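Engineer: Protein sequence lines, in the order shown, are assigned to chains G and W. The opening residue of the first sequence carries number 31 in this note's numbering; numbering runs sequentially from there. The opening residue of the second sequence carries number 31 in this note's numbering; numbering runs sequentially from there. Glycine included, every Cβ here is placed at the ideal spot set by N, Cα and C. Predicted model only: the values in this text are computed from it and were never measured. Once you've had a glance at the structure underneath, I'll fire off some questions.
There are 2 protein chains.
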Amino acid sequence: MIGAVRRVPPGYLEIGDDVAAIPIRDGYAVLKVDMLVESTDVPRGMGYREAARKAVAMCVSDFAAKGVRPDSFMASIGLRRGATQKQVDQLACGFRDAEEAWGVRMVGGDTNEAKELVVDCVMAGFATRIVERKGAKAGDVLVVTGLFGYPPAGLKIIMEGARAAKVFRAKALKSVKTPTPDLEIGLALSPYLTSSMDSSDGLARCLHVLAKESGVGFDLDRMPVARGVANFADQNALSLEDLVMAGGEEYVIVGTVSPKRLRAATAAARAAGGDLFNIGRATAEKGKVRLLEGKSRKSIGDEGWTHLATPKPSLRSSRTS
Amino acid sequence: MIGAVRRVPPGYLEIGDDVAAIPIRDGYAVLKVDMLVESTDVPRGMGYREAARKAVAMCVSDFAAKGVRPDSFMASIGLRRGATQKQVDQLACGFRDAEEAWGVRMVGGDTNEAKELVVDCVMAGFATRIVERKGAKAGDVLVVTGLFGYPPAGLKIIMEGARAAKVFRAKALKSVKTPTPDLEIGLALSPYLTSSMDSSDGLARCLHVLAKESGVGFDLDRMPVARGVANFADQNALSLEDLVMAGGEEYVIVGTVSPKRLRAATAAARAAGGDLFNIGRATAEKGKVRLLEGKSRKSIGDEGWTHLATPKPSLRSSRTS
């Protein structure tokens with residue numbers, strides 16, 4: 031956000047959380063807008079149908095992390111002058127895919143001419159409680175609803191021709207083309223979360239934001255590495271840490287739970303068809319995000335990794351350029 | 031709209047009206063999204079501040095026509111890679127202008143990289159009643175809240191170097207750069223309106239849409255020509271009818287009122303600082319939009335004017351190309 035507004039009236043959720051919240055009699059009207067732009071968000075090989083579905087998925091992911099069931103969405107579309115009827119039909123199919131995947135209704139939109147495909151998704155829902163980014167307390171358990179590395183690996187395969195075994199390659203590409211936010215898991219977990227956000231900007235960035243907003247730090251016991259990602263990193267001489275911590279587009283929920291409620295939270299996530307991974311804890315060391323490795327500690331920088339103050343090239347910056 | 035959804039559940043306003051409406055306990059959550067794209071919506075001479083304000087104005091105009099007070103807005107922004115801090119600041123100023131002009135709060139947004147400036151405004155409000163496009167009955171009076179022609183004249187001046195007297199030129203350019211929807215007038219009028227929409231796609235198009243949605247026709251007694259527009263048309267050998275009927279970007283409310291309530295509606299519009307112009311009536315001749323000229327009748331086509339079945343070039347198509 032560009033900081034256009036300095037005053038947020040009481041009851042309104044502050045600009046800067048994953049969603050906006052407008053107080054209504056029974057709670058909040060919850061809104062989110064997320065723009066998908068062809069040149070930065072649609073990698074080679076992703077069709078219009080997948081792009082439309084992804085635009086909605088990006089919003090669903092934020093609702094999932096806030097524990098709010100989305101009700102409806104609108105899509106504001108910019109189409110290139112030469113856009114074909116087939117492309118328009120594919121967008122429509124993608125929106126229908128999203129309706130079916132997450133039980134949301136498309137209630138409107140806007141169609142325009144633009145220099146590249148733009149799909150701006152607006153999502154609306156209603157809630158009595160919203161899990162905010164602030165709220166984590168020192169001692170809370172740090173949890174994630176999934177393991178990391180497939181989407182960044184998929185982008186490396188698409189954009190840079192990275193090599194991968196057949197099964198891993200298929201999984202990684204699928205994770206890029208049809209992102210699947212953990213909506214039901216987020217809704218089931220929300221009563222237990224003291225803070226949370228989605229990891230679409232990368233795990234490291236996400237942890238720094240949660241730390242800053244909550245006034246805590248985080249110590250990770252382990253990296254949440256998805257199966258096969260370490261092999262993929264070795265095979266392509268890539269940094270595993272970059273893939274896992276600085277990748278982005280993961281759509282995993284990252285949150286905190288009081289230790290007393292961890293067991294119940296895990297049961298709730300499993301009952302919703304997911305899982306919950308305990309990867310560390312919130313500390314009183316404000317703004318410090320660290321990975322414990324044996325007896326030493328490695329500092330995790332905001333945009334990705336720094337090790338002994340030597341910044342590594344970030345996967346994220348190469349991906350979005 | 032691209033017709034992605036065929037079923038609209040009961041209580042939801044159908045896709046295709048000026049706004050989307052989601053039923054909530056006390057009425058509706060009302061949503062609107064409207065995308066401003068640099069290459070089609072930002073004429074030469076319009077700065078980033080004016081563009082940001084215009085993006086919000088486009089949504090305010092729809093809320094005004096529906097009789098719904100907007101509460102909040104979000105802005106999803108695509109910025110060119112080389113965008114300067116000054117341009118970002120100007121956008122922020124434009125959003126603040128909009129907050130002050132219409133008493134709305136900016137509650138969120140999204141910032142992205144794109145090939146041209148894109149400002150997608152999302153507006154939210156709450157209502158117990160929405161004035162729909164359908165609802166006009168044969169015999170209702172056709173009313174407009176303003177006179178037409180300044181914005182199309184302004185675009186002719188900017189895009190084609192049309193000549194104009196100094197005072198007229200200033201007014202026409204101002205109408206393009208700082209569109210000012212009739213929000214308070216729309217709110218004051220809404221209890222009296224049987225149907226309405228905003229005229230941002232041009233008066234002729236607007237009348238055809240209202241006619242189709244309401245199952246009526248319209249006979250106009252006169253064209254609602256703003257002062258000086260006829261002279262401007264003469265001076266530049268332009269069709270006055272095209273300027274008034276096919277221009278677009280007018281942000282005037284076009285609606286219908288029962289004849290019995292016309293006096294009260296006019297008083298309400300005046301009390302809100304505006305005016306109401308009686309320009310004709312709804313008829314039982316479905317889909318027919320005509321202008322009475324003496325004893326003859328001229329048919330008004332959907333996109334603009336047709337006279338004796340000879341289509342004239344539309345201003346709108348030249349403006350958006």
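Could you say which of G/247, G/221, G/254 and G/246 lies nearest to residue 229 of chain G if we only look at CA atoms?
Structural biologist: On the first sequence, position 199 is the one that residue 229 of chain G refers to. Checking every option, the nearest Cα to that of residue 229 of chain G belongs to G/254.
Engineer: Does the segment 67-85 of chain W touch the segment 114-128 of chain G, meaning 3 or more C-beta pairs lie closer than 8 Å?
Structural biologist: Touching, no, given that fewer than three Cβ pairs across the two stretches are closer than 8 Å.
Engineer: Roughly how many whole angstroms lie between the Cα atoms of residue 55 of chain G and residue 134 of chain W?
Structural biologist: Locating residue 55 of chain G in the first sequence gives position 25, where the first residue counts as 1. Locating residue 134 of chain W in the second sequence gives position 104, where the first residue counts as 1. Rounded to the nearest angstrom, the two C-alpha atoms are 19 Å apart.
Engineer: Please state if the CB of residue 93 of chain W and the CB of residue 184 of chain W are separated by a distance shorter than 8 Å.
Structural biologist: One-based indexing of the second sequence puts residue 184 of chain W at position 154. One-based indexing of the second sequence puts residue 93 of chain W at position 63. Contact: no.
Engineer: Can you give me the C-alpha to C-alpha distance between residue 302 of chain G and residue 104 of chain G, rounded to a whole angstrom?
Structural biologist: Here residue 302 of chain G refers to the residue found at position 272 when the first sequence is read from its first residue. Here residue 104 of chain G refers to the residue found at position 74 when the first sequence is read from its first residue. So the alpha carbons of these two residues sit roughly 27 Å apart.
Engineer: So that I know if they touch, is there some Cβ in chain W lying closer than 8 Å to that of residue 50 of chain G?
Structural biologist: Working through the first sequence from its first residue, we reach residue 50 of chain G at position 20. For residue 50 of chain G, the answer is yes, since a Cβ of chain W falls inside 8 Å of its Cβ.
Engineer: Determine, using beta-carbon pairs with one atom in the segment 243-261 of chain W and one in the segment 163-174 of chain W, whether at least three such pairs fall under 8 Å.
Structural biologist: Yes, since at least three Cβ pairs between the segment 243-261 of chain W and the segment 163-174 of chain W fall closer than 8 Å, the two stretches touch.
Engineer: From G/262, G/272 and G/273, pick the residue whose C-alpha is nearest to that of residue 200 of chain G; which is it?
Structural biologist: Within the first sequence, the letter at position 170 stands for residue 200 of chain G. Of G/262, G/272 and G/273, the residue nearest in Cα terms is G/262.
Engineer: According to DSSP, is residue 32 of chain G helix, strand or coil?
Structural biologist: Position 2 of the first sequence, counting from 1, holds the residue named residue 32 of chain G. The predicted model places residue 32 of chain G with a pLDDT of 35, which falls under 50 and marks its position as unreliable; any figure quoted below should be read in that light. It is coil, neither helix nor strand.
Engineer: Could you tell me the distance, in whole angstroms, from the CA atom of residue 180 of chain G to the CA atom of residue 327 of chain G?
Structural biologist: By 1-based counting over the first sequence, the position of residue 180 of chain G is 150. By 1-based counting over the first sequence, the position of residue 327 of chain G is 297. Rounded to the nearest angstrom, the two C-alpha atoms are 26 Å apart.
Engineer: What do you get for residue 345 of chain G, buried or exposed, if any count of 16 or more other CB atoms within 10 angstroms of its CB means buried?
Structural biologist: Residue numbering aside, residue 345 of chain G sits at position 315 when the first sequence is read from its first letter. With a pLDDT of 35 at residue 345 of chain G, under the threshold of 50, the modelled position of that residue is not reliable, and the figure given next carries that caveat. Per the 10 Å Cβ criterion, buried.
Engineer: Looking at the structure shown, is residue 268 of chain W part of a helix, part of a strand, or coil, going by DSSP?
Structural biologist: Sequence index remark: in the second sequence, residue 268 of chain W carries index 238 (1-based). Residue 268 of chain W: coil per DSSP, three-state reduction.
Engineer: Would you verify that the beta carbon of residue 56 of chain G is, or is not, closer than 8 Å to some beta carbon of chain W?
Structural biologist: For this step, residue 56 of chain G is matched to residue 26 along the first sequence. So, interface residue.
Engineer: Between which two residues does the beta strand (DSSP E) carrying residue 160 of chain G extend?
Structural biologist: Position 130 of the first sequence, counting from 1, holds the residue named residue 160 of chain G. Neither: residue 160 of chain G is in no beta strand (DSSP E) and is coded neither H nor E.
Engineer: Less than 8 Å between the C-beta atoms of residue 317 of chain W and residue 232 of chain W, yes or no?
Structural biologist: Counting from one through the second sequence, the residue named residue 317 of chain W turns up at place 287. Counting from one through the second sequence, the residue named residue 232 of chain W turns up at place 202. Their beta carbons are not under 8 Å apart, which means residue 317 of chain W does not touch residue 232 of chain W by this criterion.
Engineer: Does residue 100 of chain G come out as helix, strand or coil in the three-state DSSP assignment?
Structural biologist: Locating residue 100 of chain G in the first sequence gives position 70, where the first residue counts as 1. Of the three classes helix, strand and coil, the one that applies to residue 100 of chain G here is strand, per DSSP.
Engineer: At which residues does the beta strand (DSSP E) containing residue 309 of chain W begin and terminate?
Structural biologist: Here the question's residue 309 of chain W lines up with position 279 in the second sequence. Residues 307-313.
Engineer: Exposed or buried, which one is residue 264 of chain W when buried takes at least 16 other CB atoms within 10 Å?
Structural biologist: Residue mapping note: residue 264 of chain W aligns to position 234 of the second sequence, counting from 1. Counting Cβ neighbours within 10 Å, residue 264 of chain W comes out exposed, since fewer than 16 surround it.
Engineer: Taking the runs of the alpha helix (DSSP H) that are 4 residues or longer, which of them lie wholly in the segment 61-116 of chain W?
Structural biologist: Complete alpha helix (DSSP H) runs here, min 4: 68-71 and 78-96.
Engineer: Under 8 Å, Cβ to Cβ, is there at least one residue of chain G near residue 65 of chain W?
Structural biologist: Counted from its first residue, the second sequence places residue 65 of chain W at position 35. It does: the Cβ of residue 65 of chain W has a partner Cβ on chain G nearer than 8 Å.
Engineer: Using a Cβ-Cβ cut-off of 6 Å (strictly less than) and excluding sequence neighbours within five positions of residue 60 of chain W, which residues of its own chain qualify?
Structural biologist: The count along the second sequence starts at 1 and reaches residue 60 of chain W at position 30. Cβ within range, chain order: 49, 51, 98, 155 and 157.
Engineer: Less than 8 Å between the C-beta atoms of residue 67 of chain W and residue 143 of chain G, yes or no?
Structural biologist: Position 37 of the second sequence, counted from the first residue, corresponds to residue 67 of chain W. Position 113 of the first sequence, counted from the first residue, corresponds to residue 143 of chain G. Taking 8 Å as the Cβ cut-off, residue 67 of chain W and residue 143 of chain G qualify as a contacting pair.
Engineer: With respect to the beta strand (DSSP E) encompassing residue 318 of chain W, which residues constitute its N-terminal and C-terminal limits?
Structural biologist: Counted from its first residue, the second sequence places residue 318 of chain W at position 288. Note, residue 318 of chain W: premise wrong, no beta strand (DSSP E); not H, not E.
Engineer: Applying the criterion that 16 or more other CB atoms from any shown protein chain within 10 Å of the CB defines a buried residue, is residue 340 of chain G buried or exposed?
Structural biologist: Here residue 340 of chain G refers to the residue found at position 310 when the first sequence is read from its first residue. Low confidence applies here, because residue 340 of chain G scores a pLDDT of 32, under 50, leaving its location unreliable; read the following figure in that light. Classification of residue 340 of chain G: exposed, given that the 10 Å Cβ count is below 16.
Engineer: Any idea if residue 145 of chain G is buried or exposed, counting beta-carbon neighbours within 10 angstroms, 16 or more meaning buried?
Structural biologist: Your numbering for residue 145 of chain G matches position 115 in the first sequence. Answer is buried; the Cβ neighbour count reaches 16.
Engineer: Taking buried to mean at least 16 other C-beta atoms within 10 Å of its own C-beta, is residue 250 of chain G buried or exposed?
Structural biologist: Along the first sequence, read from residue 1 onward, the residue named residue 250 of chain G stands at position 220. Looking at its Cβ environment, which holds 16 or more other Cβ atoms inside 10 Å, residue 250 of chain G is buried.
Engineer: Might you give, ordered along the chain, the residues of its own chain that have their beta carbon closer than 6 Å to the beta carbon of residue 124 of chain G, omitting 5 neighbours on each side?
Structural biologist: Stepping through the first sequence from its first residue, residue 124 of chain G is reached at position 94. Cβ within range, chain order: 79, 82 and 83.
Engineer: Name the chain W residues that come within less than 7 Å of residue 148 of chain G, Cβ to Cβ?
Structural biologist: Position 118 of the first sequence, counted from the first residue, corresponds to residue 148 of chain G. Result: 108, 144 and 148.
Engineer: Tell me which residue opens and which closes the beta strand (DSSP E) that residue 296 of chain G is part of.
Structural biologist: What you label residue 296 of chain G is simply residue 266 of the first sequence in a count that begins at 1. From DSSP, residue 296 of chain G is part of no beta strand (DSSP E) but of the alpha helix (DSSP H) over 292-301.
Engineer: Just the chain W side, please: which residues come within less than 7 Å of residue 154 of chain G by C-beta, in chain order?
Structural biologist: Stepping through the first sequence from its first residue, residue 154 of chain G is reached at position 124. Chain W residues near residue 154 of chain G: 52, 59 and 61.
Engineer: Using CA coordinates, which residue listed in G/107, G/96, G/207 and G/87 is at the minimum distance from residue 132 of chain G?
Structural biologist: As a position in the first sequence, residue 132 of chain G is number 102, starting the count at 1. Residue G/87 is the option with its Cα nearest to residue 132 of chain G.
Engineer: Starting from residue 146 of chain W and walking both ways along the alpha helix (DSSP H), at which residues does that stretch end?
Structural biologist: Position 116 of the second sequence holds residue 146 of chain W. Careful: residue 146 of chain W lies outside any alpha helix (DSSP H) and carries neither H nor E.
Engineer: Let me make sure I understand the geometry here. Which of G/211, G/314 and G/271 has the alpha-carbon closest to that of residue 284 of chain G?
Structural biologist: For the purposes of this step, residue 284 of chain G is taken as the residue at position 254 of the first sequence. Of the listed residues, the one whose Cα sits closest to residue 284 of chain G is G/211.
Engineer: Return the chain-ordered list of same chain residues with a C-beta closer than 7 Å to the C-beta of residue 220 of chain G, the five sequence neighbours on each side being excluded.
Structural biologist: Counted from its first residue, the first sequence places residue 220 of chain G at position 190. Excluding residues within five positions, the ones whose Cβ falls inside 7 Å are 97 and 161.
Engineer: Can you have a look at residue 173 of chain G and say buried or exposed, based on whether 16 or more other CB atoms are within 10 angstroms of its CB?
Structural biologist: Within the first sequence, residue 173 of chain G is the residue found at index 143, counting from 1. By the 10 Å Cβ count, residue 173 of chain G comes out buried.
Engineer: Given that a residue counts as buried once 16 or more other Cβ atoms are within 10 Å of its Cβ, and exposed if not, what is residue 109 of chain W?
Structural biologist: Looking up residue 109 of chain W in the second sequence gives position 79. Classification for residue 109 of chain W: buried.
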